[in-house]
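One structure is given here, and the rest of the page talks about it.
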Amino acid sequence: MMFFQWILFLLILAGSLSAGDTRPRIMIETDAGGDPDDEQSLVRFLLYTNDLDVVGIIANRPQARPGENLNTVRDGLGIVRRMIDAYGESHSHLVQHDSRYPTAAELHALTVAGYDDVDDGVQLVIQAVDADDPRPLWFCNWGTDDQSGVSCLKRALDRVLKERGPEGYAKFKQRILLSSADKFGEHTTTLHPPFPLWVDTFRPERNRKRWYHRFSALTATAGGFDIRRDVLEGHGPLGTLYPLNTTHPQKEGDTMTFLYFLPPGIAEPAQPTW
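At position 106 of the sequence shown the residue is numbered 105 (this note's numbering), and the sequence of numbers has no breaks.
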């Protein structure tokens, strides 16, 4: 009898230990308003928010790029909020499949501007890293290029190093994992310690081709898929916001930053060698 009581105790203990949210804590920084592929990736990202614990969305482009970006909203934060609103219109249908889908209000509450003259994005990064949560923060940068802001993660690390010193900086940095190209200056090159794990999404570059060249070629029409029939038309307000004017069909050049976290069955993002 004591043996079975012991087994029951262990099962209850295991259940209590696993009761917390085990999904990856993820923050994305997007230059929505530049290359329209960010908006393509945002459509897909919002549809996977049930499998991710999203703790922040930062929009770092203050003005949409003329000519290339055709969105009727002309600032990055406004573009992201428009897409969250469209997601919200579909929320009642999404929760029929998984109750973990956050509400649009919840996503809006953690969406901020990351423009160079605004501090909201930097504060959001620091709060997420300092949060009382055993899980590290996965940070995904989708672009900081011409006319977008300096990455809010870089600015946050600059501030922490200045205000907390090398020891506080090291402790802070050990709570951050990267799924991103290198947008963080000396924090990925010379300042120690290194990030505990960095999935460099710029690589591998083969035959002068990057990830999105292969993603587009392999998925644009896979299995008879048609972007207009299967996404843009008759599939809700979020699908209608999927832009088509990218250099490659369904380019989604930033989707790989979060595909890495989706649970295929046997995987652990923090153990890439498994």
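Just so you know, even glycine gets a beta-carbon here, dropped at the ideal spot from N, CA and C.
Residue span of the alpha helix (DSSP H) that contains residue i, given as start and end
i           : result
residue 58  : Unbroken run through residue 58 is the beta strand (DSSP E), 52-58; no alpha helix (DSSP H).
residue 258 : 255-258
residue 249 : Segment: none, residue 249 is in no alpha helix (DSSP H) and carries neither H nor E.
residue 234 : No alpha helix (DSSP H) holds residue 234; DSSP gives it neither H nor E.
residue 93  : 75-93
Helix, strand or coil at residue i [DSSP, three-state]
i           : result
residue 104 : helix
residue 201 : coil
residue 215 : helix
residue 176 : strand
residue 194 : coil
residue 138 : strand
residue 221 : helix
residue 269 : coil
residue 166 : helix
residue 182 : coil
Residue burial classification, residue i (beta-carbon count within 10 angstroms, cutoff 16)
i           : result
residue 36  : buried
residue 249 : buried
residue 166 : exposed
residue 64  : buried
residue 202 : exposed
residue 69  : exposed
residue 123 : buried
residue 19  : exposed
Reference residue i, options the options, closest by Cα
i           : options       : result
residue 152 : 130, 131, 176 : 176
residue 73  : 38, 48, 23    : 38
residue 120 : 90, 131, 76   : 76
Whole-angstrom C-beta distance between residue j and residue i, which should lie under 8 angstroms
i           : j           : result
residue 274 : residue 88  : Residue 274 is absent from the model: the chain starts at 0 and stops at 273.
residue 103 : residue 86  : 6 angstroms
residue 54  : residue 136 : 7 angstroms
residue 32  : residue 78  : 6 angstroms
Continuous beta strand (DSSP E) stretch holding residue i: start and end
i           : result
residue 42  : Premise fails: residue 42 lies in the alpha helix (DSSP H), 36-45, not in any beta strand (DSSP E).
residue 24  : 24-29
residue 111 : 110-112
Any C-beta of chain C under 8 angstroms from that of residue i
i           : result
residue 172 : Judged by its chain identifiers, the structure shown contains no chain C, having just a single protein chain.
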